[in-house]
Amino acid sequence: MDDATRARYKVWMRRRILRRIVMPGAIFLVLLVGVVIGLSFFGSDEDDIIYSNEVTEGDEFATEIESLAQPVSALPTYQDFDFSTYDEESIVEIGVDYLNSYLVLVNKVFRLPEDYLPEDLVLPEVLSAWGHDNTNHRMRETAARALEAMFGAARDEGLILWIASGYRSFEEQEYKHQYFIDTHGLEAAEVMSARPGHSEHQTGLVVDVTAASVSALLTEGFANEPEGMWLRENAHQFGFIVRYPYGRMSLTGVGYEPWHIRYVGVPEATYIFENDIVLEQYIFPVQRWEQP
Ligand SMILES: [Zn+2]
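Given below as structure tokens:
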């Protein structure tokens, strides 16, 4: 190869490298950057979903959520609420229009009327920790049927769940709370049990669940047993949520209770489960909430 040929060869090689390697590489890089930017743009919606109740137009729950939030629009600093010192002035009595909603929000702020009694209480046909014929095992009919289906599905996988406690009247809660005040003092009682009217058990949409693995007790240890793990992962498919998850006391006002499950309906429970939020976050408009 003479010098001229070599020079031409070098030029040809450079063009070839440019054509075969550099250009496709550059195009690939441009595409890759585009895809990454695109993904991060669309992916960022996820953070918003977790802490928001923003509902897209046509969403079937939008109207109900909005109407449920209406009577409490005067509580802009709910998240900063001091649960340890709450008094009568801070309490909101739940309006009659919302009492029978499967999404009714009952907590340390929102109180059920003393005379509220769900009209459709039935005894679910499920195994019980303390004998079956117990009026405190009653639930509202839809929730009872859902509980039966859920306990049946667990049994199909070899897991036996027991109901420990369902509906509890205002008077029974009053008695229970007073018992804790008498035995443990007022401060401890406020943490250990709900004030009358502030217990979800009065809605008839709640049960405490236990199993032989925890000796029929209501204990945090239930979360680490196969029954508790199954419940946490599957309850939403039957319309239930674990109402007081671990580490969410600042939002719910109640410590971890892996045994206390609340019926809200399948789509709502699935949304709450998949987005890892609590009922308060589902009901309240997004701007009230910050990242917990
Ligand atoms: Zn409970």
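Mapping of the sequence shown onto my numbering: position 172 corresponds to residue 158, and the numbering continues sequentially without gaps. Backbone N, C-alpha and C fix where the C-beta goes; we use that ideal spot for every residue, glycine too. Here the structure is a predicted model, which means the values were calculated and not measured.
task = Answer yes or no: the CB of Val108 versus the heavy atoms of ligand 1, is any distance below 7 Å?
result = For the purposes of this step, residue 108 is taken as the residue at position 122 of the sequence shown. No; taking the cut-off as 7 Å, the Cβ of Val108 has no heavy atom of ligand 1 nearer than that.
key: beta-carbon Val192 near ligand 1 non-hydrogen atom, thresh 7 Å   = What you label residue 192 is simply residue 206 of the sequence shown in a count that begins at 1. Result yes, Cβ under 7 Å from ligand 1.
message = Tell me the residue span of the beta strand (DSSP E) that contains His246.
response = On the sequence shown, position 260 is the one that residue 246 refers to. For His246, the uninterrupted beta strand (DSSP E) run begins and ends at 243 to 249, by DSSP.
message = Below 8 Å on the Cβ atoms is my contact criterion, and I expect Tyr232 with Tyr242 to pass it. Report the Cβ-Cβ distance as a whole number of Å.
response = By one-based count along the sequence shown, residue 232 stands at place 246. By one-based count along the sequence shown, residue 242 stands at place 256. Rounded, the Cβ-Cβ distance is 5 Å, consistent with contact.
query = With which residues is Trp148 paired in a DSSP beta bridge?
reply = The residue labelled residue 148 in the question sits at position 162 within the sequence shown. Beta-bridge annotation (DSSP): Trp148 is paired with Thr196.
ask   = Helix or strand or just coil, what does DSSP make of Ile227?
value = As a working mapping, residue 227 is identified with position 241 in the sequence shown. Note: Ile227 maps to strand in three-state DSSP.
inquiry  = Can you tell me whether His184 sits near ligand 1, meaning its C-beta is under 7 Å from at least one heavy atom of the ligand?
reply    = Your numbering for residue 184 matches position 198 in the sequence shown. No, the Cβ of His184 stays beyond 7 Å of every heavy atom of ligand 1.
request  = With Asp142 as the anchor, note down where its alpha helix (DSSP H) starts and where it stops.
outcome  = Within the sequence shown, residue 142 is the residue found at index 156, counting from 1. First-last of the alpha helix (DSSP H) with Asp142: 127 to 142.
inquiry  = Trp148 and Ala299 - do their beta-carbons sit closer together than 8 Å?
reply    = Only positions -13 to 278 of the chain appear in this structure, which leaves residue 299 out of reach.
query = By DSSP, does Arg218 sit in helix, in strand, or in coil?
reply = Here residue 218 corresponds to residue number 232 of the sequence shown, with the count starting at 1. Helix at Arg218.
query = Taking the alpha-carbon positions, what's the Glu186 to Ser87 distance?
reply = Along the sequence shown, read from residue 1 onward, the residue named residue 186 stands at position 200. Along the sequence shown, read from residue 1 onward, the residue named residue 87 stands at position 101. Cα to Cα, the separation comes out at about 13 Å.
query = According to DSSP, is Glu79 helix, strand or coil?
reply = Here residue 79 refers to the residue found at position 93 of the sequence shown. Glu79 falls in the strand class under three-state DSSP.
ask   = Would the stretch 187 to 197 and the stretch 101 to 115 be scored as touching if the rule is three or more Cβ pairs under 8 Å?
value = yes
ask   = Ser114 bridges to which residues according to DSSP?
value = Residue mapping note: residue 114 aligns to position 128 of the sequence shown, counting from 1. Answer is Ile149.
query = Under a CB-based cut-off of 8 Å, is Leu85 close to chain D?
reply = As a matter of chain content, chain D is missing from the structure shown, which is built from one protein chain.
message = Short of 8 Å in beta carbon distance, which residues of its chain neighbour Ala197, apart from the five on each side in sequence? Order them along the chain.
response = Taking the first residue of the sequence shown as 1, we reach residue 197 at position 211. So the list reads Leu145, Ile146, Leu147, Trp148, Phe208, Glu211, Glu213, Gly214, once near-sequence residues are dropped.
ask   = Hey, quick one: how far does the alpha helix (DSSP H) through Ile167 stretch, first residue to last?
value = Residue 167 sits at position 181 when you count from the first residue of the sequence shown. Where Ile167 is concerned, the enclosing alpha helix (DSSP H) stretches over 156 to 170.
ask   = Exposed or buried, which one is Tyr268 when buried takes at least 16 other CB atoms within 10 Å?
value = In the sequence shown, residue 268 corresponds to position 282, counting from 1. The residue is buried, with at least 16 neighbouring Cβ atoms inside 10 Å.
task = Determine the closest residue to Glu254 out of Tyr84, Trp245, Phe224, with distance taken between C-alpha atoms.
result = Residue numbering aside, residue 254 sits at position 268 when the sequence shown is read from its first letter. Per the C-alpha coordinates, the member of Tyr84, Trp245, Phe224 positioned closest to Glu254 is Phe224.
key: Proximity of Arg229 and His246 at Cβ, strictly below 8 Å   = Taking the first residue of the sequence shown as position 1, residue 229 is located at position 243. Taking the first residue of the sequence shown as position 1, residue 246 is located at position 260. It is a contact, given that the beta carbons lie within the stated cut-off.
Close-in-space but distant-in-sequence residues of the same chain around Gly24 (CB under 8 Å, 5 per side omitted) = As a position in the sequence shown, residue 24 is number 38, starting the count at 1. Reliability fails at Gly24, whose pLDDT of 45 lies under 50, so the model's placement of it is uncertain and the value that follows must be treated cautiously. Contacts found: none.
inquiry  = Closest to Val95 by C-alpha separation, out of Ile227, Gly183, Val200, Ala150, would be which residue?
reply    = Locating residue 95 in the sequence shown gives position 109, counting from the first residue. Here the closest residue by C-alpha is Gly183.
message = Here's a check: name, in chain order, each residue in its chain whose Cβ is nearer than 7 Å to the Cβ of Arg126, leaving out the five neighbours to either side.
response = Here residue 126 refers to the residue found at position 140 when the sequence shown is read from its first residue. Within the same chain, Arg126 has close Cβ partners Pro104, Asp106, Leu107, Gly190, Leu191.
Where Ala60 sits in the DSSP three-state scheme = As a working mapping, residue 60 is identified with position 74 in the sequence shown. The pLDDT assigned to Ala60 is 36, lower than 50, so where the model puts this residue is not dependable, and the model offers no usable value.
key: DSSP beta-bridge partners of Val108   = Taking the sequence shown and counting its residues from 1, the one referred to as residue 108 is at position 122. Looking at the DSSP assignment, Val108 forms a beta bridge with Met125.
ask   = Where DSSP assigns a beta bridge to Phe270, which residues make up the other side?
value = Taking the first residue of the sequence shown as position 1, residue 270 is located at position 284. According to DSSP, which records beta bridges pairwise, Phe270 is partnered with nothing at all.
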